[in-house]
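A.B. asks: The listed protein sequences derive, respectively, from chains A and B. With this note's numbering, letter number 38 in the first sequence gets 38, and the count goes up by one each step, no holes. Just add 111 to the spot in the second sequence (first one is 1) and you have this note's numbering. Don't be surprised by glycine CBs; every beta carbon is placed ideally from N, CA and C. Quick one: the structure is below, questions incoming.
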Amino acid sequence: QSALTQPASVSGSPGQSITISCTGTTSDIATYDFVSWYQQHPGKAPKLLIFDVNNRPSGVSTRFSGSKSGNTASLTISGLQAEDEADYFCSSFTTTDTFYVFGTGTEVTVL
Amino acid sequence: EVQLVQSGAEVKKPGESLRISCQGSGYSFSSNWISWVRQVPGKGLEWIGRIDPSDSYTNYSPSFQGHVTISADKSSSTAYLQWRSLKASDTAIYYCARRVGIRWYFDLWGRGTLVAVSS
């Protein structure tokens with residue numbers, strides 16, 4: 001299974017906005033609005049942040065937002081806070097030989 | 112509380128068998144697919160496969176097909192991931208995750224089970 005492509009790391013200062021990209025193919029992101037994003041702190045389980053491209057589950061901060069253009073989805077974190085320092089993974093439904101494909105993961109550092 | 116509780120860390124030798132578990136509570140276990148996801152330390156997430164607990168129908172990623180078996184016991188609200196012969200390359204954290212209805216994302220994750228395989 002080929003992973004979705006994310007930048008290895010993104011950093012920003014407190015209060016700034018950062019954007020994490022997630023690039024896929026016509027088998028996944030380009031064709032389907034089934035992109036989700038997860039936050040994972042060290043030693044913890046992933047936590048759902050965004051589903052279906054741009055929807056937030058109840059309880060997730062409005063500082064997290066999602067979007068999609070063509071074969072690339074994006075997660076934007078606005079008003080960056082120290083607690084946002086974590087790994088972030090995108091995921092999408094795929095019509096390849098698995099139902100789900102995950103991104104390579106992005107480490108977010110708050111300077 | 113709605114949660115998925117996974118079994119504890121395991122240390123095994125190559126060639127040994129293993130079964131790890133994921134017990135759901137606080138919701139109707141048969142109503143949602145359970146997927147298993149692998150994370151090699153320091154690496155990304157990989158989807159292994161899924162089971163529908165209502166009928167035990169499974170799908171596997173080709174990367175894992177034939178090497179692992181996913182099963183479920185409705186009566187105990189537990190899903191399992193099993194190996195007959197472990198390899199050192201199976202060393203990873205394994206998560207179970209709940210699919211939301213007929214949607215394509217996971218809203219609930221277990222805390223993970225570390226499987227270490229070494230001679």
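Using beta carbons (cut-off 8 Å, strictly below), is Thr104 (chain A) in contact with chain B?
C.D. replies: yes
A.B. asks: Any C-beta of chain B within less than 8 Å: which residues of the stretch 41-66 of chain A qualify?
C.D. replies: Lys44, Ala45, Pro46, Lys47, Leu48, Phe51, Asp52 and Pro57
A.B. asks: Let's test the definition: count the other Cβ atoms within 10 Å of the Cβ of Asp97 (chain A) and tell me whether it reaches 16, buried, or not, exposed.
C.D. replies: exposed
A.B. asks: So, does the CB of Tyr216 (chain B) fall closer than 8 Å to a CB anywhere in chain A?
C.D. replies: Cβ-Cβ to chain A under 8 Å: yes for Tyr216 (chain B).
A.B. asks: Alpha carbon to alpha carbon, what distance is there between Ser91 (chain A) and Tyr100 (chain A)?
C.D. replies: 7 Å
A.B. asks: So, are the CB atoms of Ile145 (chain B) and Ile131 (chain B) less than 8 Å apart?
C.D. replies: no
A.B. asks: With 8 Å as the C-beta to C-beta threshold (strictly closer), list the residues of the stretch 77-110 of chain A near chain B in chain order.
C.D. replies: Phe89, Ser91, Ser92, Phe93, Asp97, Thr98, Phe99, Tyr100, Val101, Phe102, Gly103, Thr104 and Gly105
A.B. asks: At 3 residues or longer, and completely inside the stretch 174-224 of chain B: list those beta strand (DSSP E) runs for me, N to C.
C.D. replies: 179-184, 189-194, 203-210 and 217-220
A.B. asks: Buried or exposed: which applies to Asp84 (chain A), given that a residue is buried once 16 or more other Cβ atoms fall within 10 Å of its Cβ?
C.D. replies: buried
A.B. asks: Using beta carbons (cut-off 8 Å, strictly below), is Ala3 (chain A) in contact with chain B?
C.D. replies: yes
A.B. asks: Counting only beta-carbon separations shorter than 8 Å, does Ser36 (chain A) have a partner in chain B?
C.D. replies: yes
A.B. asks: Given a cut-off of 8 Å, decide if Lys124 (chain B) and Ser230 (chain B) are closer than it, judged by their beta-carbon atoms.
C.D. replies: Yes.
A.B. asks: Quick one: list the residues of chain A neighbouring Gly223 (chain B), beta-carbon separation under 7 Å, in chain order.
C.D. replies: Ala45
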